[in-house]
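> Going from the sequence shown to this note's numbering is simple: count from 1 and add 129. Note that CB positions come from ideal geometry on N, CA and C, so glycine has one too. Have a look at the structure that comes next, please.
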Amino acid sequence: MSIGTNIKKRRFELGMSQKDLANKLGYRTRSTIAKIESGENDINQKKLKKFAEALDTTIDELFYGFQKTSLNKQTLCSTNIQINKSNKVVAIILAGGKSVRNNHNIPNQFIDILGKPVIMYILETYQNHPAIDDIYIVCLKGWEQIVSSYIKEYKISKVKGFINAANSGIQSVKNGVDYISSKYVDKDIVIFQESTRPMVSIDMITRLLNQTYEKGSANICQSMKDYVQFTYKNGDVSYIDRNLIVDLQSPEAYVLSKIKQIFKKAKETNHQLTESCCVMLMYNLGYKINFIDSYTNNIKIIRQEDIAVFITLLKSKMIF
130 MSIGTNIKKR
140 RFELGMSQKD
150 LANKLGYRTR
160 STIAKIESGE
170 NDINQKKLKK
180 FAEALDTTID
190 ELFYGFQKTS
200 LNKQTLCSTN
210 IQINKSNKVV
220 AIILAGGKSV
230 RNNHNIPNQF
240 IDILGKPVIM
250 YILETYQNHP
260 AIDDIYIVCL
270 KGWEQIVSSY
280 IKEYKISKVK
290 GFINAANSGI
300 QSVKNGVDYI
310 SSKYVDKDIV
320 IFQESTRPMV
330 SIDMITRLLN
340 QTYEKGSANI
350 CQSMKDYVQF
360 TYKNGDVSYI
370 DRNLIVDLQS
380 PEAYVLSKIK
390 QIFKKAKETN
400 HQLTESCCVM
410 LMYNLGYKIN
420 FIDSYTNNIK
430 IIRQEDIAVF
440 ITLLKSKMIF
C-alpha cells in the first residue's frame, strides 16, 4: 500500500473525516489531505511525522503499512479505557431478527450496502477495538454458514462461535448470557450490540466500557430531537418536556455477574420476558439504569429510507 492509502486506512479506523484530520494538522481545507491520500501530492519526512502524531501511530506504520498487533497497541494508548487485564470483554452481536418491516427478501443485518453486509460494518469495529477479546453472534437460523464465510472473507479473528437466536430480542440476550456464563468469570464484561446499528464506533464502545467499569452497567440513549410536546389519550392532552425523553439505543454493557443476576431475579419472580431490551427489563425489575449519550448518527436499519441514510453517511465519511 502507498503512504496515502495507509493514512486513509488509519483515518477510517479512528473514525476521522478528511476535514477532522485537516483541522488537527492546522490546514484550512481538506484538499491537502485528499491529494495526499489519492497520491496526487507527495509527503516528506517532516510532514509524515506530523501525520503520525495526528493519527496516533508511527512513521513506520504509515510508511510500511499496519500490522494488527501494533495497531491494537497504538489504539490502546488513545482510547482511555480503564482496562483491568483480569477482566475479559465479550461482545455478543444480536443478529437473530427477521426484518419483517423491510421490502427485501433478506434480513436487514445481511443486506449488502456499498459492497459489504451490514453486520460486517459492526464486526469490523469490534474486531478493531483493542479492549474486545471475544465476539459471539446470536444468529438467525440458516444464516450461520453465510456469516461464517463473511467472517473468513473479512478476517474477523475474534469471533468464537454462534449462539441460537430466540423468538424475541430479550430472549436472544438471555440465550447469549446462558451460553457464555460457563466460559467467563463474573467480573468479565459483556456487550450486547444490535446487528442493525452499523454506525457503532470505537469511541462509543470505549465510553460504554468506561462507564461499565465504574458502575457495573451502561446503556446507550439519545435525547429526543423530534418535536414531541404532548401526550394524547381519550381526548385529553397533557404537556411533556421532550428534554426528559430519551430514545433507547444499542449497544449496552454489563458486568457479567450483574446481567446474570437480572435474569435470575426475573426467573425467581416469574417475570415474563416480554421487554424489547435489557433496559426495560432492568426498569421493570427495579434496577438502576446508567445512561450515556449516543450520537445522532447511531441509526438503526429498519426500512428502505434508513438504508438511504446509511449510504449517505458512509459516502460523506469516505469523501469528507
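(1) Quick check: the segment 284-295 against the segment 174-184, are at least 3 beta-carbon pairs closer than 8 angstroms?
(2) Taking the alpha-carbon positions, what's the Thr188 to Ile132 distance?
(3) Is it a yes or a no for the segment 245-258 touching the segment 214-225, going by three-plus beta-carbon pairs under 8 angstroms?
(4) According to DSSP, simplified to helix, strand and coil, what is Gly133?
(5) When the Cα of Gln340 is compared with those of Gly144, Val267, Ile421, Cys407, which residue comes out closest?
(6) Secondary structure at Glu381, three-state DSSP: helix, strand or coil?
(7) Would you kindly work out how many angstroms separate the C-alpha atoms of Arg140 and Ile165, rounded to a whole number?
(8) Report the residue ranges of all alpha helix (DSSP H) runs contained in full by the segment 216-298; include only those spanning at least 4 residues, in chain order.
(9) Can you check the segment 302-348 for any beta strand (DSSP E) of at least 3 residues that lies completely inside it and give the ranges in chain order?
(10) Looking at the structure shown, is Tyr412 part of a helix, part of a strand, or coil, going by DSSP?
(11) Out of curiosity, what's the CA-to-CA distance linking Asn201 and Thr360?
(12) Less than 8 angstroms between the C-beta atoms of Lys389 and Val306, yes or no?
(13) What are the start and end residues of the alpha helix (DSSP H) that includes Ser146?
(14) Spatial neighbours of Leu191 within its chain, please: C-beta separation below 8 angstroms, excluding the five flanking residues on both sides.
(15) Please confirm whether His258 and Ile334 have their CB atoms less than 8 angstroms apart.
(16) Please report the straight-line C-alpha distance between Leu150 and Arg157, rounded to a whole angstrom.
(17) According to DSSP, is Thr360 part of a helix, a strand, or is it coil?
(18) Could you check the C-alpha separation between Tyr412 and Ile418 for me, to the nearest Å?
(19) DSSP on Val352, reduced to helix/strand/coil?
(20) According to DSSP, which residues form a beta bridge with Asp376?
(21) Apart from the five residues on each side of it in sequence, which residues of its chain come closer than 7 angstroms, Cβ to Cβ, to Gly144?
(22) Measure the alpha-carbon distance for Thr398 versus Met409 and round it to whole angstroms.
(23) I'd like to know whether the C-beta atoms of Val267 and Ser228 end up nearer to each other than 8 angstroms.
(24) Please report the distance separating the alpha-carbon of Ser146 from that of Ser352.
(25) With distance defined between alpha-carbon atoms, name the residue in Ser324, Ile240, Ser215, Gly155 nearest to Val314.
(26) For Asn368, list the residues DSSP reports as bridge partners.
(27) Would you mind reading off the limits of the beta strand (DSSP E) that contains Ile421?
(28) Between Tyr255 and Gly290, is the Cβ-Cβ spacing less than 8 angstroms?
(29) State the Cα-Cα distance for the pair Gly415 and Lys394, rounded to the nearest angstrom.
(30) Check each candidate in Arg336, Ile292, Asn237, Lys303 and name the one with the smallest Cα separation from Phe439.
(31) Can you tell me which of the three DSSP states Thr186 falls into?
So, from the data block:
(1) In this structure the segment 174-184 does not lie against the segment 284-295, because fewer than three pairs of beta carbons, one per stretch, are closer than 8 angstroms.
(2) For the purposes of this step, residue 188 is identified with residue 59 of the sequence shown, where counting begins at 1. For the purposes of this step, residue 132 is identified with residue 3 of the sequence shown, where counting begins at 1. According to the sequence provided, residue 188 is Ile. The question's Thr does not apply to it. C-alpha separation (whole angstroms): 10 angstroms.
(3) yes
(4) Your numbering for residue 133 matches position 4 in the sequence shown. DSSP places Gly133 in helix when its eight states are reduced to three.
(5) Taking the first residue of the sequence shown as position 1, residue 340 is located at position 211. Measuring from the Cα of Gln340, the nearest candidate turns out to be Ile421.
(6) The residue given as residue 381 occupies position 252 in the sequence shown. Reduced to three states, the DSSP call for Glu381 is strand.
(7) On the sequence shown, residue 140 is found 11 positions in, with the first residue counted as 1. On the sequence shown, residue 165 is found 36 positions in, with the first residue counted as 1. Answer to the nearest angstrom: the Cα atoms are 13 angstroms apart.
(8) 247-257, 273-282
(9) Taking only runs of at least 3 residues, the beta strand (DSSP E) segments lying wholly in the segment 302-348 are 318-323.
(10) Position 283 of the sequence shown, counted from the first residue, corresponds to residue 412. Looking at Tyr412 - three-state DSSP - the assignment turns out to be helix.
(11) Position 72 of the sequence shown, counted from the start, is the residue given in the question as residue 201. Position 231 of the sequence shown, counted from the start, is the residue given in the question as residue 360. Residue placement at Asn201 cannot be trusted, given a pLDDT of 38 that sits under 50; what the coordinates show is reported in the next sentence. In a straight line, the C-alpha of Asn201 is about 48 angstroms away from that of Thr360.
(12) By one-based count along the sequence shown, residue 389 stands at place 260. By one-based count along the sequence shown, residue 306 stands at place 177. Yes, these two residues count as a Cβ contact at 8 angstroms.
(13) What you label residue 146 is simply residue 17 of the sequence shown in a count that begins at 1. Note, Ser146: premise wrong, no alpha helix (DSSP H); not H, not E.
(14) As a first step, residue 191 is located in the sequence shown; it is residue number 62 there, counting from the start. These residues qualify, in order along the chain: Ile132, Asn135, Ile136, Arg139, Leu177, Phe180, Ala181, Leu184.
(15) Residue mapping note: residue 258 aligns to position 129 of the sequence shown, counting from 1. Residue mapping note: residue 334 aligns to position 205 of the sequence shown, counting from 1. In this structure, His258 places its C-beta atom within 8 angstroms of the C-beta atom of Ile334.
(16) Here residue 150 corresponds to residue number 21 of the sequence shown, with the count starting at 1. Here residue 157 corresponds to residue number 28 of the sequence shown, with the count starting at 1. Using only the alpha carbons, I get a separation of about 11 angstroms.
(17) Along the sequence shown, read from residue 1 onward, the residue named residue 360 stands at position 231. The answer is strand: DSSP assigns Thr360 an E or B state.
(18) As a working mapping, residue 412 is identified with position 283 in the sequence shown. As a working mapping, residue 418 is identified with position 289 in the sequence shown. The alpha-carbon separation between Tyr412 and Ile418 amounts to approximately 7 angstroms.
(19) Here residue 352 refers to the residue found at position 223 when the sequence shown is read from its first residue. The sequence given here places Ser at residue 352; Val does not occur at that position. Strand, per DSSP.
(20) Sequence index remark: in the sequence shown, residue 376 carries index 247 (1-based). BP columns for Asp376 point to Gln351.
(21) On the sequence shown, residue 144 is found 15 positions in, with the first residue counted as 1. Same-chain partners within the cutoff: Ser330, Ile331, Asp332.
(22) As a first step, residue 398 is located in the sequence shown; it is residue number 269 there, counting from the start. As a first step, residue 409 is located in the sequence shown; it is residue number 280 there, counting from the start. Looking at the two C-alpha atoms, the distance is approximately 16 angstroms.
(23) Residue mapping note: residue 267 aligns to position 138 of the sequence shown, counting from 1. Residue mapping note: residue 228 aligns to position 99 of the sequence shown, counting from 1. No, the pair does not count as a contact, with Cβ atoms beyond the cut-off.
(24) Counting from one through the sequence shown, the residue named residue 146 turns up at place 17. Counting from one through the sequence shown, the residue named residue 352 turns up at place 223. Those two C-alpha atoms are separated by around 25 angstroms.
(25) On the sequence shown, residue 314 is found 185 positions in, with the first residue counted as 1. Measuring from the Cα of Val314, the nearest candidate turns out to be Ser215.
(26) Residue mapping note: residue 368 aligns to position 239 of the sequence shown, counting from 1. Checking the displayed sequence, the identity of residue 368 turns out to be Tyr instead of Asn. Answer is Phe359.
(27) Here residue 421 refers to the residue found at position 292 of the sequence shown. From DSSP, the beta strand (DSSP E) with Ile421 extends over 420-422.
(28) Taking the first residue of the sequence shown as position 1, residue 255 is located at position 126. Taking the first residue of the sequence shown as position 1, residue 290 is located at position 161. Their beta carbons are not under 8 angstroms apart, which means Tyr255 does not touch Gly290 by this criterion.
(29) For the purposes of this step, residue 415 is taken as residue 286 along the sequence shown, with counting starting at 1. For the purposes of this step, residue 394 is taken as residue 265 along the sequence shown, with counting starting at 1. Distance between the alpha carbons of Gly415 and Lys394: 10 angstroms.
(30) Here residue 439 refers to the residue found at position 310 when the sequence shown is read from its first residue. Looking at the Cα atoms, Asn237 is the closest of the given residues.
(31) As a first step, residue 186 must be located in the sequence shown, where it is residue number 57. Here Thr186 sits in coil by DSSP.
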